[in-house]
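In our numbering, the protein residues as written are 1125 to 1370. First the structure, in the form of structure tokens, and then the observations on it.
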């Protein structure tokens, strides 16, 4: 009986560790299947699910047909592939006809949290810190972020030929595209509204809020660097000098 108390304490610790932790809809996937299905790692999915759960408590909604983590599964799977996978349908036992409204609801909830996680450096010290970190990576001074388009695959109707062609990007598939700015750690600093996939990068920049702010020198002597070019506060993307690929 000498080990009775330590064993009892160990069992209690294990029980307390899992107390209140309900099984997740994502537990059925191993890590490889999880990434293939959602293009995200398990910690990333857990973070998103927890954030959405907290947000959902403050949003007035009718009682959902699925649990929050199951609803997040539907939305993330759709974001990853542009269509709901059969595997997800089978695991949740739901009709695909219910998914569009669910995805719209979850998208609105996630979009409503954007200000908590996406912010462009505005104060002098914040700008200096971002610029210093980026300079350590690439050696270019006064850089506030790295600029790039992000394409999100969608399904467009081929029967509407003109509309369909506008969604076909240079990689040959249909998408919507948005302009992203990130820092050297991968934190998203700015996201611009989506455009059709055929939109050129120059056009994205010219019509973006951050592009206009840079042209009007609202951020002082700082740059935003792109894939092959640099943009200063006084120079447009079109006329700026080319830089080596990072």
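Note that the Cβ used here is the ideal one computed from N, Cα and C, for glycine as well.
Which runs of the beta strand (DSSP E) at least 3 residues long sit entirely within the region 1247-1288? Give them in chain order. Within the region 1247-1288, the runs of beta strand (DSSP E) at least 3 residues long that lie entirely inside it are, in chain order, 1267-1277.
On the premise that residue 1321 lies in contact with residue 1291, defined as a C-beta separation below 8 angstroms, what is that separation, rounded to the nearest angstrom? Their Cβ separation, rounded to whole angstroms, is 5 angstroms, which keeps residue 1291 and residue 1321 in contact under 8 angstroms.
Below 8 angstroms on the Cβ atoms is my contact criterion, and I expect residue 1226 with residue 1195 to pass it. Report the Cβ-Cβ distance as a whole number of Å. Between residue 1195 and residue 1226 the Cβ distance is about 6 angstroms, and since that is below 8 angstroms, they are a contact.
Other residues of its chain near residue 1202: CB distance less than 8 angstroms, five sequence neighbours each side excluded: Here the set comprises 1208, 1223, 1227.
By DSSP, does residue 1173 sit in helix, in strand, or in coil? Here residue 1173 sits in helix by DSSP.
Inspect the CB distances between the region 1271-1279 and the region 1316-1332 and report whether three or more fall short of 8 angstroms. At 8 angstroms Cβ cutoff, the stretches touch.
Residue 1290 by DSSP, collapsed to three states: which one? Shown here, residue 1290 sits in a helix according to DSSP, grouped into three states.
Span of the beta strand (DSSP E) around residue 1313: Counting along the chain, the unbroken beta strand (DSSP E) around residue 1313 starts and ends at 1312-1315.
Tell me whether residue 1228 sits in a helix, a strand or coil according to DSSP, three-state version. Three-state result, residue 1228: helix.
Inter-residue Cα distance where the pair is residue 1289 and residue 1317: If you take the alpha carbons of residue 1289 and residue 1317, they lie about 20 angstroms apart.
Residue 1267 and residue 1259 - do their beta-carbons sit closer together than 8 angstroms? Their beta carbons are under 8 angstroms apart, which means residue 1259 touches residue 1267 by this criterion.
Nearest residue (CA-CA) to residue 1242, options 1305, 1210, 1339: Closest by C-alpha distance to residue 1242, out of 1305, 1210, 1339, is 1305.
Length of the line joining the Cα atoms of residue 1330 and residue 1247: Residue 1330 and residue 1247: Cα-Cα distance of roughly 24 angstroms.
Excluding five sequence neighbours on each side, which residues of the same chain lie with their C-beta closer than 7 angstroms to the C-beta of residue 1278? Within the same chain, Cβ atoms closer than 7 angstroms to the Cβ of residue 1278 are found at 1206, 1291, 1298, 1299, 1300, the five residues on either side in sequence being excluded.
Would you mind sorting residue 1295 into buried or exposed? The rule is 16 or more other CB atoms within 10 Å of its CB. It is exposed - the Cβ of residue 1295 has fewer than 16 other Cβ atoms within 10 Å.
Less than 8 angstroms separating the beta-carbons of residue 1151 and residue 1215? Not closer than 8 angstroms, so no.
Quick one: give me the first and last residue of the alpha helix (DSSP H) that residue 1299 is part of. Segment 1299-1306 is the beta strand (DSSP E) holding residue 1299; no alpha helix (DSSP H) there.
Looking at residue 1254: is its Cβ nearer than 8 angstroms to the Cβ of residue 1265? Cβ distance not < 8 angstroms, so residue 1254 and residue 1265 don't count as in contact.
Identify, in the order they occur along the chain, each residue of the same chain with its Cβ nearer than 7 angstroms to the Cβ of residue 1237, setting aside the five sequence neighbours on each side. Excluding its 5 nearest sequence neighbours in each direction, residue 1237 has C-beta neighbours in its own chain below 7 angstroms: 1175, 1179, listed in chain order.
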